[in-house]
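In order, the protein sequence lines correspond to chains A and B.
Heads up: the first sequence at position 5 corresponds to 5 in the working numbering, and the numbers run straight through without jumps.
Heads up: the second sequence at position 100 corresponds to 100 in the working numbering, and the numbers run straight through without jumps.
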Amino acid sequence: NAGVTQTPKFRVLKTGQSMTLLCAQDMNHEYMYWYRQDPGMGLRLIHYSVGEGTTAKGEVPDGYNVSRLKKQNFLLGLESAAPSQTSVYFCASSPTSPKNTGELFFGEGSRLTVL
Amino acid sequence: AQSVTQLGSHVSVSEGALVLLRCNYSSSVPPYLFWYVQYPNQGLQLLLKYTSAATLVKGINGFEAEFKKSETSFHLTKPSAHMSDAAEYFCAVSGDSNYQLIWGAGTKLIIKP
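Laid out in structure tokens, this is it:
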């Protein structure tokens, strides 16, 4: 019963390096999201997808790119990491939109440190 | 723009005492409201949700919340705290877009033995 799986769980990068976070869900959900969580700031939406092949910008998209080539996977890329991107990243999926009371299912998070 | 305010970044209660976590929202339209819980080193999971049916919503682990439109509030309560309730709690409201939730900053619940 995997649900939403994020890899890697921990990563340390140097400024300017690139990396990709992978999110995989096995619930056949249409909607997928990438959030970042910083102390005292709650969750901020980076990018989201409403179906395979679609992506859209959220609240804080700068410095990140995403792709949803397969319905079950949602990749978050950092092309040139900056210390301000040190954060805990959460992937989530939902069967319907929040406006249709779609519950979000979260992964366990990926802790990224940029030195 | 919609917003969510959670009063108190940390709330400390004794085991067995009443838990009250406050959430106020601003919304120009009737919202959907959610409480999520995050245990240490885990992702968030849904505790309960208000979807315009009953104003008193019961969730998992003995939690409940009451939607009060006149006060624009959706406070979370539990009659008797357990040590296992120690976690961070997030209030969220459905946003203007179809795909976004607006999140509060979170309240860390500390349970004293």
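Glycine included, each C-beta is placed from N, C-alpha and C at the ideal position.
Leaving out five residues on either side along the sequence, give the residues of the same chain with a beta carbon under 7 Å from the beta carbon of Leu-56 of chain B. Glu-64, Glu-66
Would you kindly work out how many angstroms separate the C-alpha atoms of Gly-51 of chain A and Glu-30 of chain A, rounded to a whole number? Straight-line Cα distance between these residues: approximately 5 Å.
Chain A within 9 Å of Leu-20 of chain B, Cβ atoms only: Not an interface residue.
Range covered by the beta strand (DSSP E) that runs through Gly-77 of chain A: Counting along the chain, the beta strand (DSSP E) containing Gly-77 of chain A begins and ends at 73 to 78.
Assumed close pair Tyr-99 of chain B, Ser-97 of chain A - CB separation to whole angstroms, cut-off 8 Å: 5 Å
Near-chain A residues of the region 44 to 55 of chain B - C-beta to any C-beta below 8 Å: Leu-44, Gln-45, Leu-46, Lys-49, Thr-51
Tell me Met-27 of chain A's beta-bridge partners as DSSP assigns them. Paired residues: none, contrary to the question.
Could you please give the first and the last residue of the uninterrupted beta strand (DSSP E) stretch that includes Val-4 of chain B? 3 to 7 is the span of the beta strand (DSSP E), which, as asked, contains Val-4 of chain B.
Give the residues of chain A in contact with Trp-103 of chain B, contact being defined as C-beta atoms less than 8 Å apart. Within 8 Å Cβ-Cβ: Gly-42, Leu-43, Arg-44.
Reducing DSSP to helix, strand and coil, say where Ser-27 of chain B ends up. Reduced to three states, the DSSP call for Ser-27 of chain B is coil.
For His-47 of chain A, is the classification buried or exposed, using 16 other Cβ atoms within 10 angstroms of its Cβ as the cut-off for buried? By the 16-neighbour rule on beta-carbons within 10 angstroms, His-47 of chain A is buried.
Close-in-space but distant-in-sequence residues of the same chain around Phe-74 of chain B (CB under 6 Å, 5 per side omitted): Excluding positions up to five away in sequence, the list reads Cys-23, Leu-33, Ala-65, Phe-67.
Near Val-19 of chain B, which residues of its chain fall below 7 Å by C-beta distance, leaving aside the five closest residues on each side in sequence? Val-13, Thr-77, Lys-78, Ala-81, Asp-85, Leu-109
Nearest residue (CA-CA) to Gly-3 of chain A, options A:Glu-108, A:Leu-112, A:Val-114, A:Leu-115: A:Glu-108
So does Gly-62 of chain B have its beta carbon nearer than 8 Å to some heavy atom of the ligand MG? As for the ligand MG, it is missing from this structure, which has no ligand bound.
Going by beta-carbon coordinates alone, are Pro-8 of chain A and Leu-21 of chain A separated by less than 9 Å? yes
Host beta strand (DSSP E) of Gln-38 of chain B (start-end): 33 to 38
Spatial neighbours of Val-60 of chain A within its chain, please: CB distance less than 6 Å, with the 5 preceding and 5 following residues excluded, ordered by chain position. Arg-44, Ile-46
Using a Cβ-Cβ distance under 9 Å, would Phe-106 of chain A count as near chain B? Cβ-Cβ to chain B under 9 Å: yes for Phe-106 of chain A.
Using the Cα positions of Ser-84 of chain A and Val-114 of chain A, report the straight-line distance between them to the nearest angstrom. 8 Å
Grab me the residues of Gly-104 of chain B's own chain with a C-beta within less than 8 Å of its C-beta, minus the 5 sequence neighbours each way, in chain order. Val-4, Thr-5, Gln-6, Cys-23, Phe-90, Cys-91, Ala-92
Taking Cβ-Cβ distances shorter than 7 Å, what residues in chain A pair up with Ser-9 of chain B? Gly-40
Measuring CA to CA, which of B:Gly-59, B:Ser-94, B:Met-83 is closest to Ile-111 of chain B? B:Met-83
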